[in-house]
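Right, one structure below, let's go through it.
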Amino acid sequence: MVVKQIYSIIEYEEALQTIAAGADHLGLVPMQHGGVPAHRVPLERVDKIFAACREHGVVAVAIMLTNDPDEMIELAQRVKPDILHIAGDGYAADEAFAQRLKEAVPGIKLMQAVLVDNATAIDRAKQYAQYCDFILTDSGLAPDTGIGASGLTHDWSIDAAIVRECGKPVIMAGGLGPDNVADAIKQCHPYGVDSLTKTSIKYEGGFMQKDIALVKKFCEEADRAASQLA
Numbered sequence: 001m002v003v004k005q006i007y008s009i010i011e012y013e014e015a016l017q018t019i020a021a022g023a024d025h026l027g028l029v030p031m032q033h034g035g036v037p038a039h040r041v042p043l044e045r046v047d048k049i050f051a052a053c054r055e056h057g058v059v060a061v062a063i064m065l066t067n068d069p070d071e072m073i074e075l076a077q078r079v080k081p082d083i084l085h086i087a088g089d090g091y092a093a094d095e096a097f098a099q100r101l102k103e104a105v106p107g108i109k110l111m112q113a114v115l116v117d118n119a120t121a122i123d124r125a126k127q128y129a130q131y132c133d134f135i136l137t138d139s140g141l142a143p144d145t146g147i148g149a150s151g152l153t154h155d156w157s158i159d160a161a162i163v164r165e166c167g168k169p170v171i172m173a174g175g176l177g178p179d180n181v182a183d184a185i186k187q188c189h190p191y192g193v194d195s196l197t198k199t200s201i202k203y204e205g206g207f208m209q210k211d212i213a214l215v216k217k218f219c220e221e222a223d224r225a226a227s228q229l230a
């Protein structure tokens, strides 16, 4: 099995439809400093969406675009995700933060985004893997979205090396959609695959909505590729 992670959920009904379409991990951006305002979800709605995740056995991921570690800890305590994903453009987890997070929210997992811009990403991923539970490989870096959300692919041979060498589950992101997710899985053998841009409808002002038909196709293609590897 390869985990299918779908970002960035905004509405409750959208979350239910995404779960029904086959998502294993569901990610959203709780209200915080940093990131595109249209992507942020009010905390009361986060509670409702994460409750639906728990009800359906789906992993709830809180995406951190803030660069303030104190705010991250406070949000983790407030919304209690299964995974805290750090993707900001100016802050990366270190061992002290990982320990602090685990003490503040027992049972939570930590995922660090790694910008795959060149082969140095391998060493960065291995460093983060010493104290993070998941590594997410992604493309692009922007002050409004942090690492990722570019819709661009990158050199998958680097992802394959990270999967082989880092020793922690790796979720591949960066321009993945129904058209190429199977190839990514076959080439890199990741723990999971992530989709945002290629399974979303974009509107003016930065607002996005999941295209449920594309989410379903993405999940089906990922499952088919994983079954062939098995």
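The numbers in the UniProt record's numbering rise by one with no breaks, and the one at position 27 of the sequence shown is 27.
Backbone N, C-alpha and C fix where the C-beta goes; we use that ideal spot for every residue, glycine too.
Point to revise | Exposure of Gln130, with buried meaning 16 or more beta-carbon neighbours within 10 Å | key: For the purposes of this step, residue 130 is taken as the residue at position 130 of the sequence shown. Exposed: under 16 other Cβ atoms inside 10 Å.
Review point. From this set, Ile83, Gly57, Ile49 and Ala51, which residue's C-alpha is nearest Met64's C-alpha?
Key: Numbered from 1 along the sequence shown, position 64 holds the residue referred to as residue 64. Of Ile83, Gly57, Ile49 and Ala51, the residue nearest in Cα terms is Ile83.
Check your understanding: From what residue to what residue does the beta strand (DSSP E) around Pro30 run?
Key -> By 1-based counting over the sequence shown, the position of residue 30 is 30. That run of the beta strand (DSSP E) goes His25 to Pro30.
Point to revise | Reference Ile10, options Ile73, Leu43, His85 and Gly177, closest by Cα | key: On the sequence shown, position 10 is the one that residue 10 refers to. With distances taken between Cα atoms, Ile10 lies closest to Leu43.
Check your understanding: Should Ile185 be labelled buried (16 or more other beta-carbon atoms within 10 Å of its own) or exposed?
Key -> Sequence index remark: in the sequence shown, residue 185 carries index 185 (1-based). By the neighbour-count rule (16 or more Cβ atoms within 10 Å), Ile185 is buried.
Exercise for review: Check Gly205 in the structure and name its three-state DSSP category.
Suggested key: Taking the first residue of the sequence shown as 1, we reach residue 205 at position 205. Helix, per DSSP.
**Study point:** Rounded C-alpha distance that separates Ala161 from Gly22
**Key:** For the purposes of this step, residue 161 is identified with residue 161 of the sequence shown, where counting begins at 1. For the purposes of this step, residue 22 is identified with residue 22 of the sequence shown, where counting begins at 1. Each residue's alpha carbon lies about 28 Å from the other.
Check your understanding: When the Cβ atoms of the segment 44-51 are set against those of the segment 95-110, are three or more pairs found closer than 8 Å?
Key -> no
Exercise for review: Could you name the residues that DSSP lists as bridge partners for Ala113?
Suggested key: Sequence index remark: in the sequence shown, residue 113 carries index 113 (1-based). According to DSSP, which records beta bridges pairwise, Ala113 is partnered with Leu136.
Check your understanding: Helix, strand or coil: how does DSSP classify His56 here?
Key -> Within the sequence shown, the letter at position 56 stands for residue 56. In the structure shown, His56 sits in a helix (DSSP, three-state: H, G or I).
Review point. When we look at the beta-carbon of Gln5 and count the other beta-carbons within 10 Å, is it buried (16 or more) or exposed?
Key: As a first step, residue 5 is located in the sequence shown; it is residue number 5 there, counting from the start. Classification for Gln5: buried.
Check your understanding: Looking at C-alpha atoms only, which residue of Val193, Thr199, Ala92 and Thr153 is the closest neighbour of Pro169?
Key -> As a position in the sequence shown, residue 169 is number 169, starting the count at 1. Looking at the Cα atoms, Val193 is the closest of the given residues.
Check your understanding: Can you name the start and end residues of the alpha helix (DSSP H) that Val2 belongs to?
Key -> To locate residue 2, count along the sequence shown from 1; it is residue 2. Premise fails: Val2 is in no alpha helix (DSSP H) and is neither H nor E.
Check your understanding: Are the CB atoms of Cys132 and Ala93 nearer to each other than 8 Å?
Key -> Taking the first residue of the sequence shown as position 1, residue 132 is located at position 132. Taking the first residue of the sequence shown as position 1, residue 93 is located at position 93. Result yes, Cβ atoms of Cys132 and Ala93 sit closer than 8 Å.
Check your understanding: Across which residues does DSSP place Leu84 in a beta bridge pair?
Key -> To locate residue 84, count along the sequence shown from 1; it is residue 84. Paired residues: Ala62 and Leu110.
**Study point:** Cβ neighbours of residue 248 in the same chain (closer than 8 Å, five flanking residues each side left out)
**Key:** Beyond the ends of the chain as shown, which are 1 and 230, falls residue 248; an answer cannot be given.
Check your understanding: From Val29 to Ser227, what distance separates their C-alpha atoms?
Key -> What you label residue 29 is simply residue 29 of the sequence shown in a count that begins at 1. What you label residue 227 is simply residue 227 of the sequence shown in a count that begins at 1. Each residue's Cα considered, the two are about 31 Å apart.
**Study point:** Of the listed residues Gly57, Val163 and Asn118, nearest to Asp155 (C-alpha basis)
**Key:** Taking the sequence shown and counting its residues from 1, one reaches residue 155 at position 155. The shortest Cα separation from Asp155 among Gly57, Val163 and Asn118 belongs to Asn118.
**Study point:** Of the residues Gly140, Val105, Tyr91 and Pro106, the one placed nearest Tyr128, counting alpha carbons only
**Key:** The residue you call residue 128 lines up with position 128 of the sequence shown. Of the candidates Gly140, Val105, Tyr91 and Pro106, the one whose C-alpha sits nearest the C-alpha of Tyr128 is Tyr91.
Review point. By the 10 Å Cβ neighbour count, where 16 or more other Cβ atoms means buried, how is Tyr203 classified, buried or exposed?
Key: Indexing the sequence shown from 1 puts residue 203 at position 203. The residue is exposed, with fewer than 16 neighbouring Cβ atoms inside 10 Å.
Review point. What distance in whole Å lies between the Cβ atoms of Ile171 and Leu214, which are believed to be in contact at a cut-off of 8 Å?
Key: For the purposes of this step, residue 214 is taken as the residue at position 214 of the sequence shown. For the purposes of this step, residue 171 is taken as the residue at position 171 of the sequence shown. In fact, because the Cβ distance is near 19 Å, the residues do not count as touching under 8 Å.
Exercise for review: Within the same chain, show all residues whose beta-carbon is closer than 7 Å to that of Cys219, passing over the 5 residues directly before and after it, in chain order.
Suggested key: In the sequence shown, the residue the question calls residue 219 occupies position 219. Answer for Cys219: Lys4, Ala21, Gly22 and Ala23, listed in chain order.
Exercise for review: Thinking Cys53 and Leu75 are a contact (beta carbons under 8 Å), I'd like their distance in whole angstroms, please.
Suggested key: Mapped onto the sequence shown, residue 53 falls at position 53. Mapped onto the sequence shown, residue 75 falls at position 75. About 16 Å; that fails the 8 Å criterion.
Practice item. Give me the Cα-Cα distance between Asp68 and Arg40, rounded to the nearest whole angstrom. Key: Taking the sequence shown and counting its residues from 1, one reaches residue 68 at position 68. Taking the sequence shown and counting its residues from 1, one reaches residue 40 at position 40. Near 16 Å, if we compare the C-alpha coordinates of Arg40 and Asp68.
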